[in-house]
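Chains as they are written, first to last, in this note's numbering: chain A, 20 to 355; chain B, 20 to 355; chain C, 20 to 355; chain D, 20 to 355. The C-beta atom is built at its ideal place from N, Cα and C for all residues, glycine as well. Remember, predicted model here, so these are calculated numbers, not experimental data. Quick notes on the structure that follows.
Number of protein chains: 4
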Amino acid sequence: MKLWHIPAFGIDKLELIEAPRPKPEAGEVLVKIHAVSLNYRDLMVTLGQYNPKMALPRIPASDGAGEVIEIGPGIGRIKPGQRVAGIFMQKWLEGRPSAQKQHGALGGDIDGMLAEYVVLSESGLVPVPDHLTWEEAATLPCAGVTAWNAVVHAGKIKSGDTVVIQGTGGVSIFALQFAKALGARVLGTSSSNEKLDRARTLGLDAGVNYKQTQDWAKWVIEQTNGEGADLVVEVGGAGTFMPSLKAVRVGGTVAQIGVLSQTSEPVNVVPILHKQIHVQGIYVGSRADFLEMNRAISQIQLKPVVDEVFTFDRAPQALERMQSGAHFGKLVIRVA
Amino acid sequence: MKLWHIPAFGIDKLELIEAPRPKPEAGEVLVKIHAVSLNYRDLMVTLGQYNPKMALPRIPASDGAGEVIEIGPGIGRIKPGQRVAGIFMQKWLEGRPSAQKQHGALGGDIDGMLAEYVVLSESGLVPVPDHLTWEEAATLPCAGVTAWNAVVHAGKIKSGDTVVIQGTGGVSIFALQFAKALGARVLGTSSSNEKLDRARTLGLDAGVNYKQTQDWAKWVIEQTNGEGADLVVEVGGAGTFMPSLKAVRVGGTVAQIGVLSQTSEPVNVVPILHKQIHVQGIYVGSRADFLEMNRAISQIQLKPVVDEVFTFDRAPQALERMQSGAHFGKLVIRVA
Amino acid sequence: MKLWHIPAFGIDKLELIEAPRPKPEAGEVLVKIHAVSLNYRDLMVTLGQYNPKMALPRIPASDGAGEVIEIGPGIGRIKPGQRVAGIFMQKWLEGRPSAQKQHGALGGDIDGMLAEYVVLSESGLVPVPDHLTWEEAATLPCAGVTAWNAVVHAGKIKSGDTVVIQGTGGVSIFALQFAKALGARVLGTSSSNEKLDRARTLGLDAGVNYKQTQDWAKWVIEQTNGEGADLVVEVGGAGTFMPSLKAVRVGGTVAQIGVLSQTSEPVNVVPILHKQIHVQGIYVGSRADFLEMNRAISQIQLKPVVDEVFTFDRAPQALERMQSGAHFGKLVIRVA
Amino acid sequence: MKLWHIPAFGIDKLELIEAPRPKPEAGEVLVKIHAVSLNYRDLMVTLGQYNPKMALPRIPASDGAGEVIEIGPGIGRIKPGQRVAGIFMQKWLEGRPSAQKQHGALGGDIDGMLAEYVVLSESGLVPVPDHLTWEEAATLPCAGVTAWNAVVHAGKIKSGDTVVIQGTGGVSIFALQFAKALGARVLGTSSSNEKLDRARTLGLDAGVNYKQTQDWAKWVIEQTNGEGADLVVEVGGAGTFMPSLKAVRVGGTVAQIGVLSQTSEPVNVVPILHKQIHVQGIYVGSRADFLEMNRAISQIQLKPVVDEVFTFDRAPQALERMQSGAHFGKLVIRVA
């Protein structure tokens with residue numbers, strides 16, 4: 020079979036190689052991968068920015084969907100022919116997180132999904148909703164589950180609440196879709212009026228171009244009659260953290276997800292306490308969260324937004340597109 | 020009657036003056052103040068560091084306890100002779116916080132308690148536990164309620180959990196007492212071995228002198244078998260924020276309270292998301308929280324820790340003691 | 020002004036009388052009532068079944084909406100011309116319930132809204148959403164808030180969850196609308212296929228006629244692949260309590276609201292513990308809940324379902340329609 | 020090895036037989052059982068009242084503690100020599116309950132612990148606190164975890180809350196100990212003044228003999244200044260359900276555990292809704308709950324209360340003692 024791996028850090032170092040097809044052992048299943056989606060983390064991994072000490076070579080990409088084609092001994096629930104996706108952290112099945120459960124993330128601690136065939140443990144998979152294409156199903160494991168946890172579990176969003184999304188990447192677009200499905204109002208930021216227009220077709224209630232209106236947090240406060248948002252889905256990282264604290268209401272929630280930007284601004288915790296803000300770090304989620312999200316996606320017939328689909332041999336180009344930041348929604352690589 | 024006020028910023032500017040005794044109007048009561056306790060905020064207010072634009076003169080101090088001696092028309096529940104304390108934010112009675120409810124804090128937005136007589140609205144008061152002296156009762160409104168909310172509502176502490184306190188100021192010692200009453204394990208930091216010893220007599224399970232062991236967060240991790248604490252009661256402010264994120268477990272809580280220290284270290288949000296930390300800003304609490312805490316204080320017969328009691332005329336010396344940071348527990352001014 | 024009152028129990032005893040227009044005192048406002056909606060409780064009050072010892076005469080009806088036309092001294096936020104509705108329990112403003120807060124329900128403990136003019140305290144009112152007619156606004160205080168608390172606070176419903184409603188009365192139809200706005204799947208019961216068809220136009224996913232299919236709980240289990248529903252909005256009362264316990268999933272919620280039916284079946288708590296069911300009694304809700312619901316109603320532009328509007332002089336006929344159980348949604352009396 | 024089994028229902032039918040020692044397969048461990056504790060459920064199982072269709076013969080008893088003496092292939096964390104107890108439901112590891120997870124309870128759906136040696140899966144065990152004897156450790160799996168979930172997760176008990184326990188059986192005495200460790204006030208009922216006195220030595224704040232004071236719920240209300248208790252740990256079952264609803268405060272919690280008594284009183288749900296009561300069914304708990312409880316037991320050095328220890332050959336006499344209801348705390352059988 021074919022797979023991409025990282026023999027040394029750098030997009031240009033990525034190699035498409037031939038390797039023996041793996042065999043499922045007891046408790047394992049073999050999945051023929053049909054599509055893989057990319058996250059910003061996959062770019063960082065490839066560039067050596069995620070974990071410079073990562074053992075190489077490594078197969079990148081946490082998110083893939085495919086068909087079970089063989090099962091090892093002792094497999095109960097999963098059957099050949101099932102459409103599945105891998106879960107981001109193979110050991111976080113349910114319950115509260117721990118360092119132990121967080122160890123074992125695909126495409127980071129262990130090999131990922133950018134291969135024609137992958138073997139995973141039975142509990143490392145979930146069935147995917149019937150109405151999704153392979154490309155769509157491949158977008159769920161990291162960006163989908165992260166957005167679900169930000170909106171549903173950290174933000175506890177209900178009809179009437181106001182949610183802020185930042186930009187139009189994978190997590191932000193999923194957060195927009197989930198928040199709208201829950202009856203919330205969604206405000207968004209972008210560097211592009213064109214992307215804001217496209218987000219409006221997905222339900223965005225109002226948008227601001229942060230190139231034209233630099234103090235987007237002030238804009239959020241104005242849009243909420245001076246109160247601030249109930250939830251900010253904070254994907255920007257350190258560089259947008261302080262504006263996010265400004266944009267949220269007294270007693271509101273900042274779902275802290277992002278590592279995109281850095282800052283030289285010193286730590287200032289005063290707004291957190293004076294506004295009694297709830298900052299909740301989100302690192303994807305558990306298998307149980309994934310199942311819960313899938314149930315919702317099926318019920319509301321949500322269609323993930325795919326920006327562009329690349330053929331398997333063009334994986335480096337997909338990562339370059341990620342690096343450009345020009346995408347809207349998810350970048351997908353069609354494997355087979 | 021006599022009262023202290025701030026005609027201009029500076030401890031040395033504080034004036035003890037004579038003023039007419041106020042009269043309670045409809046819905047109000049007159050309280051003869053017996054004792055006032057100080058918080059770090061009162062020092063900042065006096066020095067002009069809390070709000071440099073504060074209208075002056077201002078009567079300082081949010082925390083005071085005394086006896087109701089006169090009631091205005093329309094007062095139902097409160098009766099002359101009752102022992103009461105004022106609530107920190109006069110408009111936050113219960114429910115979730117809002118900017119509107121947060122406006123109207125004693126000794127900041129409006130005049131405070133450092134006077135022989137004070138008029139407050141009926142809902143701006145709570146009865147204090149019977150077993151407390153006036154000095155002890157005066158310690159509750161800010162430091163007590165803050166610690167209660169940090170331990171009980173933000174941390175949801177139960178038997179078996181581990182809580183970290185920082186230093187031995189008012190909030191930290193209350194947090195120690197509440198956490199021990201709930202069956203938790205408490206670890207503490209201090210610059211003084213003597214203070215750690217004294218904290219041990221109140222139940223501290225283990226302590227570290229951060230002058231001798233600079234990486235106290237590493238010490239916390241060692242003390243918790245590598246896992247980290249369930250809750251850090253973060254009173255240090257920006258300067259201790261990053262170590263607090265290090266000291267807490269994956270999925271744990273940092274109750275963000277403090278403004279004591281600053282830092283030039285840039286914002287780094289990575290630990291928040293990688294460890295899925297819950298940072299909860301705490302700004303005292305509501306009247307309902309105060310009542311709930313008082314019920315607990317009565318049930319467990321908790322005695323607040325009073326460091327030193329100053330006579331009314333020595334209020335400036337009490338603020339200087341606060342400034343020195345040498346205290347253990349609460350500083351109190353006996354009014355009458 | 021004119022008002023209806025109950026001089027003695029019985030629909031036929033209701034009297035339309037002339038009385039002096041009340042005057043607002045300090046902290047009060049005068050509201051010109053435009054519409055009143057009925058709840059099953061109003062029928063029970065009129066028949067003497069709610070509280071046989073209720074002091075008479077009593078003005079019935081908890082739910083009314085109208086315009087503020089005069090304000091007493093000391094009124095801050097409310098202004099003449101505002102469109103408002105009364106809150107069900109005049110003393111439950113926010114926070115957890117208590118016996119004290121529950122005392123003072125309109126049209127029960129105190130006089131209600133079936134009058135041309137009503138005086139209420141400023142905190143006893145909330146503004147109503149702009150897009151609602153008077154008839155629609157009048158439906159909110161009891162049925163709307165009850166359904167909101169059942170679905171949002173007891174059930175914590177999110178996209179993908181399954182909710183069961185019973186019949187097509189006011190609470191059930193609001194619960195259907197809120198649950199659909201949150202992206203849930205909704206199953207319903209009725210004695211009429213015609214009503215089920217009408218509910219489908221509001222989003223009902225599947226319905227069962229319990230005259231034709233007596234074991235509706237079994238039907239719910241079949242509809243949920245053997246798992247049971249996440250939430251049953253239990254308006255039937257004792258007579259449907261045991262089937263509701265059967266219809267809910269392991270770990271699911273029964274929002275207990277109803278008193279419509281009785282039973283001679285003995286108490287059996289075994290399903291509650293074996294299925295780890297969460298039974299949450301709901302008794303309308305607080306002023307804060309009402310405001311939160313109104314924000315949602317505005318955001319999702321929800322339109323309450325009005326079954327029939329009666330002129331003011333036909334209030335007894337409206338109660339008879341309630342008694343017949345033939346309605347779908349809310350019965351409203353147009354006052355002016 | 021020796022084991023007790025149930026070839027036919029009835030205490031007198033129990034047989035002590037010889038059987039081959041089981042061998043651990045992949046993922047399993049062999050435990051040498053030192054002590055077994057009894058629950059009321061074990062009596063019902065033996066009498067055929069729990070599940071009359073249970074396949075026989077069956078080894079009874081869910082609760083046992085012992086030493087790991089052999090491990091099968093693929094065992095990671097557990098080592099020979101470790102002191103462990105089995106978990107009640109072998110498949111409920113963590114997260115919310117489900118019908119699937121609830122299937123597989125020891126001594127019911129599958130064979131139990133009343134044997135010299137038992138093989139369990141690695142995840143079907145937890146380490147027990149170091150300071151406990153074998154007899155004490157054996158009391159934890161069912162009664163301990165049930166009481167922990169009732170007090171901590173259903174009741175969310177904190178210092179100052181009031182908890183009611185019923186009688187002095189295993190769950191009630193654990194609930195007393197946990198509630199006191201959390202700083203709560205505990206009220207208790209019993210048919211025996213002597214038992215109430217003994218409970219006072221464990222921290223019971225006040226007790227009532229329900230033979231002398233039949234309306235114990237009224238007594239609870241008097242003891243709480245007319246308010247009612249925050250939590251009733253309801254072990255009585257249908258026969259005490261209505262008084263428990265009476266004893267709890269508006270908005271309070273009834274943790275529904277018991278099946279001891281029946282009633283012919285018809286279902287009456289009115290108090291549930293009028294008092295907005297939260298009734299939470301409790302069916303033991305998950306492995307994660309057990310670990311969390313053990314951490315607390317270690318921290319507060321809690322010692323379970325053992326009523327009487329029987330030798331292995333006297334297992335039937337232990338069940339007869341259970342049937343008599345004369346015990347205080349837990350009945351234990353010493354196996355080896």
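Below-9 Å beta-carbon distance, residue i vs any chain B residue
i, result
"L112/C", "yes"
"P290/A", "yes"
"A45/C", "yes"
Cβ of residue i within 9 Å of any chain A Cβ
i, result
"R115/D", "yes"
"K294/B", "yes"
"E253/B", "yes"
"G67/C", "no"
Minimum C-alpha distance to residue i - residue among the options
i, options, result
"V351/A", "D61/A, P41/A, E44/A, D31/A", "D61/A"
"P26/D", "E47/D, M73/D, L57/D", "M73/D"
"C161/A", "E339/A, V55/A, L279/A, E37/A", "V55/A"
"V278/B", "Y59/B, L338/B, L35/B, G46/B", "Y59/B"
"I78/A", "D149/A, V137/A, V164/A", "V137/A"
"I176/B", "R314/D, I52/D, P99/D", "R314/D"
"R306/D", "R268/D, W111/D, T208/D", "W111/D"
"Y69/A", "D249/A, F329/A, A124/A", "A124/A"
"H172/C", "T259/C, A198/C, L338/C", "A198/C"
"A104/B", "V48/B, K21/B, G127/B", "V48/B"
"I316/D", "F107/D, A84/D, A156/D, R40/D", "A156/D"
"E86/A", "E213/A, F329/A, L144/A", "L144/A"
"G179/A", "L321/C, A355/C, G83/C", "L321/C"
"G186/B", "W167/B, L215/B, A169/B, G83/B", "L215/B"
"D249/D", "V170/D, Q121/D, P71/D", "V170/D"
Spatial distance of residue i from residue j (CA atoms)
i, j, result
"G226/D", "R204/D", "11 Å"
"A134/D", "I30/D", "17 Å"
"Q233/C", "A200/C", "29 Å"
"A334/A", "P148/A", "25 Å"
"H346/D", "L35/D", "24 Å"
"D332/C", "I52/C", "14 Å"
"V269/D", "G188/A", "47 Å"
"G256/A", "L264/A", "12 Å"
"P222/C", "S140/C", "Note that residue 222/C is Gly in the sequence shown here, rather than Pro. C-alpha separation (whole angstroms): 38 Å."
"F267/B", "T65/B", "Before going further, note that residue 267/B is Val rather than Phe in the sequence given. Roughly 34 Å between the two C-alpha positions."
Minimum Cβ-Cβ distance from residue i to chain C less than 9 Å
i, result
"F260/D", "yes"
"A84/B", "no"
"R268/D", "yes"
"E311/A", "yes"
Proximity test, Cβ basis, 9 Å: residue i and chain D
i, result
"F197/B", "yes"
"A307/A", "yes"
Original post:
Residue ranges of each alpha helix (DSSP H) run of no fewer than 4 residues wholly in the stretch 149-203 of chain C, ordered along the chain?
Top reply: Fully enclosed alpha helix (DSSP H) runs of no fewer than 4 residues occupy 153-156, 164-167, 189-200 of the stretch 149-203 of chain C, in order along the chain.
Original post:
Which runs of the beta strand (DSSP E) fall wholly inside the stretch 83-120 of chain C and span at least 3 residues, in chain order?
Top reply: Within the stretch 83-120 of chain C, the beta strand (DSSP E) runs of at least 3 residues that lie entirely inside it are, in chain order, 102-105.
Original post:
Along the chain, which unbroken stretches of the beta strand (DSSP E) at least 3 residues long are found entirely within the stretch 26-56 of chain C?
Top reply: Correct list: 34-37.
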